[in-house]
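Numbering (the working numbering), first residue to last: 10 to 310.
The C-beta atom is built at its ideal place from N, Cα and C for all residues, glycine as well.
Inspection log for the structure reproduced underneath, given as structure tokens.
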Amino acid sequence: MRVLITGGCGFIGHNTAIYLKSYGYDVIVFDNLRRASSFAIERLEVYGIPIVRGDVLNSRSLLDVLGGVDVVVHAAAYISAFESMRRPLLYFRNNVLGTVNVAYASLLRGVKLVYVSSAAVYGDQAVLPISESNPPNPISVYGLTKLLGEEVVRYYSRYGLKYVILRLFNVYGPGQSSEYAGVIKRFIDRTRMGKAPVIYGDGLQTRDFIHVRDVAEAVRLSIEKNNENEIINIASGKPITIRELAYTIIKYVNPNIKPIYRKQRPGDIRHSYADITKARKLLGFNPRISLEQGIRELIQT
10 MRVLITGGCG
20 FIGHNTAIYL
30 KSYGYDVIVF
40 DNLRRASSFA
50 IERLEVYGIP
60 IVRGDVLNSR
70 SLLDVLGGVD
80 VVVHAAAYIS
90 AFESMRRPLL
100 YFRNNVLGTV
110 NVAYASLLRG
120 VKLVYVSSAA
130 VYGDQAVLPI
140 SESNPPNPIS
150 VYGLTKLLGE
160 EVVRYYSRYG
170 LKYVILRLFN
180 VYGPGQSSEY
190 AGVIKRFIDR
200 TRMGKAPVIY
210 GDGLQTRDFI
220 HVRDVAEAVR
230 LSIEKNNENE
240 IINIASGKPI
250 TIRELAYTII
260 KYVNPNIKPI
270 YRKQRPGDIR
280 HSYADITKAR
290 KLLGFNPRIS
300 LEQGIRELIQ
310 T
């Protein structure tokens, strides 16, 4: 089976490409390379995964590259909630219009679409844990663009597009860029340099972290299972406060450091953790990498 991954030189994209390759898939990566890391490109080359340079905003190149493809995993997106509040037009153009092009091209080519969405679509929720039936309430431009992307995908399903939407919670693992990395990568980098990890807010906000290899497994299951036109949470289902996370990393890297606190940033969600009952039921998904195991692996690399 041939799989195309848009944004395949990004953090989630390249890890997923390598994972699918290990299962025997014929994988092609499609990326404009503007925010690609040399780490990701080198890993893809080592595994013999071809990289096609192109942009999801170019509908013609998408149609061309989708010829002969069975499934497209749409992971191309700008992902910083903080940056999105400062550069909203950039995010609407890339994340929404890009998804229009990918969904429409997938429809024309008869290709199944796995859309990589985000828990950012939920925003702050009164009912926890968050299930797929919770009403979306994005508080960042990034979250809004991912929700609009979902609506685009669902719209084209009226005309025959087959899709699975995966709402990823806080993904971490090898290959996150320093500039756009999640909080785990930033905390590890600072403590390694002997600097205090910076917590925005009081540190009692919760997150649900999921290792990128578990995400790649969820993508594989979404491809292989016969579920169609579903929205599914992908997470560990286990919340941790940012303060607890900081001290866990400090424990392994530099026990003499204490975190410092800064004002909460616009677009930051207070509490976020998932109900993954649907993922277990429909996909047979079961997260395999614990947070402590994943953190230790990152520290050792």
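Query, Result
"Test item: CB-CB of R279 and D133 under 8 Å", "yes"
"CB of V78 within 8 Å of CB of I60, strictly", "no"
"Outcome for V111 when other beta-carbon atoms lying within 10 angstroms are tallied against a minimum of 16", "buried"
"Neighbourhood of E253 by C-beta distance below 6 Å, restricted to the same chain and skipping five residues each side", "none"
"Expected contact under 8 Å - CB spacing of L175 and I243 to nearest Å", "5 Å"
"Distance CB(Y261)-CB(L137) smaller than 8 Å", "no"
"Proximity to F101 [Cα-Cα], best of R52, K155 and E141", "K155"
"Of the residues A86, P145 and N103, the one placed nearest V125, counting alpha carbons only", "A86"
"C-alpha distance - I197 paired with Y256, whole-angstrom precision", "11 Å"
"Stretch-stretch touch, CB-based, cutoff 8 Å, three pairs: the region 145–163 with the region 105–123", "yes"
"Cβ contact check for the region 47–57 and the region 17–29: 3 or more pairs under 8 Å", "yes"
"Start-to-end residues for the alpha helix (DSSP H) that takes in Y256", "I251 to V262"
"Heavy atom of the ligand MG within 7 Å of T15 beta-carbon", "Only the bare structure without any ligand can be found here, which leaves the ligand MG out of the picture."
"Option nearest H23 by Cα separation, candidates H83, I259 and R305", "H83"
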